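Q: When we follow the working numbering, the leftmost residue of the sequence shown carries the number 87, and every step to the right adds one.
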Amino acid sequence: MWFGAPLAAYPCRRNVLTGLSFWGLLLANGLLHAAGGVAAGAYNTGLWSSVFLFVPLSLWVIYACTIRGPYSGKVVGAAFGAGAVTHVLLFVGYGFYKNGVIGNAGLLVYAAVIGFAPIILAVLVSRFFKPESLRPVPVQQATA
């Protein structure tokens, strides 16, 4: 994830869906850690980062991009969906590992590939949108 997330920012200059795709992963991760902590009534390793970083910042990105920003809810929703699907795929890999389908090396390779899954899924989904709806909108400078 540490390589895929910064890499997603590069194609964002042409396709905002790819740039926003990792925010869906962060939101899904944050919601699951927060819900898991509440359900168990106990601390888990991702609880604080979820409550104070992942969920609030993801909601701010949705607000800034769709409500106050120039992008349609469909584009932002598709980007967040790509990240959320990646989180599901991450669980599948861990399930394979726990059930002995893949070993340590297999899990390592799987995790490396999953680190780029939000970008791959976003590129695939972006084919269903008009190119002009995916282009970044230039920021207007305030004049004095």
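The C-beta atom is built at its ideal place from N, Cα and C for all residues, glycine as well.
Every value quoted in this text rests on a predicted model; they were computed, and no experiment measured them.
Are residue 159 and residue 107 touching if we call contact CB-CB under 8 Å?
A: Here residue 159 refers to the residue found at position 73 of the sequence shown. Here residue 107 refers to the residue found at position 21 of the sequence shown. Not closer than 8 Å, so no.
Q: My output table needs one value for residue 88: the three-state DSSP class, helix, strand or coil.
A: As a first step, residue 88 is located in the sequence shown; it is residue number 2 there, counting from the start. Residue 88: coil per DSSP, three-state reduction.
Q: Figure out for me which residue from 203, 222, 218, 224 has the closest Cα to the Cα of residue 93.
A: Along the sequence shown, one-based indexing puts residue 93 at 7. Considering only alpha carbons, the answer is 203.
Q: For residue 109, which of 145, 133, 132, 118 has the nearest alpha-carbon?
A: One-based indexing of the sequence shown puts residue 109 at position 23. Of the residues 145, 133, 132, 118, the one whose Cα lies closest to the Cα of residue 109 is 145.
Q: Which whole-angstrom value describes the C-beta separation of residue 164 and residue 103, a residue pair presumed to lie in contact below a C-beta threshold of 8 Å?
A: The sequence position of residue 164 within the sequence shown is 78, counting from 1. The sequence position of residue 103 within the sequence shown is 17, counting from 1. About 6 Å separates the two Cβ atoms, so the contact holds.
Q: Buried or exposed, going by whether 16 or more other CB atoms sit within 10 Å of the CB of residue 189?
A: Within the sequence shown, the letter at position 103 stands for residue 189. Residue 189 should be labelled exposed.
Q: Roughly how far, in whole angstroms, is the beta-carbon of residue 237 from the beta-carbon of residue 215, given that I think they are within contact range, below 8 Å?
A: Limits of the chain in this structure are 87 at one end and 230 at the other, which puts residue 237 out of reach.
Q: As a quick exercise: from 219, 222, 220, 111, pick the residue whose alpha carbon is nearest that of residue 201.
A: Residue 201 sits at position 115 when you count from the first residue of the sequence shown. That would be 111, whose Cα lies nearest to the Cα of residue 201.
Q: Can you give me the C-alpha to C-alpha distance between residue 210 and residue 172, rounded to a whole angstrom?
A: Here residue 210 corresponds to residue number 124 of the sequence shown, with the count starting at 1. Here residue 172 corresponds to residue number 86 of the sequence shown, with the count starting at 1. The alpha-carbon atoms of residue 210 and residue 172 are separated by roughly 13 Å.
Q: On the CB-based measure, 16 or more other CB atoms within 10 Å of its CB, does residue 185 come out buried or exposed?
A: For the purposes of this step, residue 185 is taken as the residue at position 99 of the sequence shown. The residue in question, residue 185, is exposed, as its Cβ has fewer than 16 Cβ neighbours within 10 Å.
Q: So which of 130, 105, 101 has the shortest CA-CA distance to residue 238?
A: Since the first residue of the chain shown is 87 and the last is 230, residue 238 is not available in this structure.
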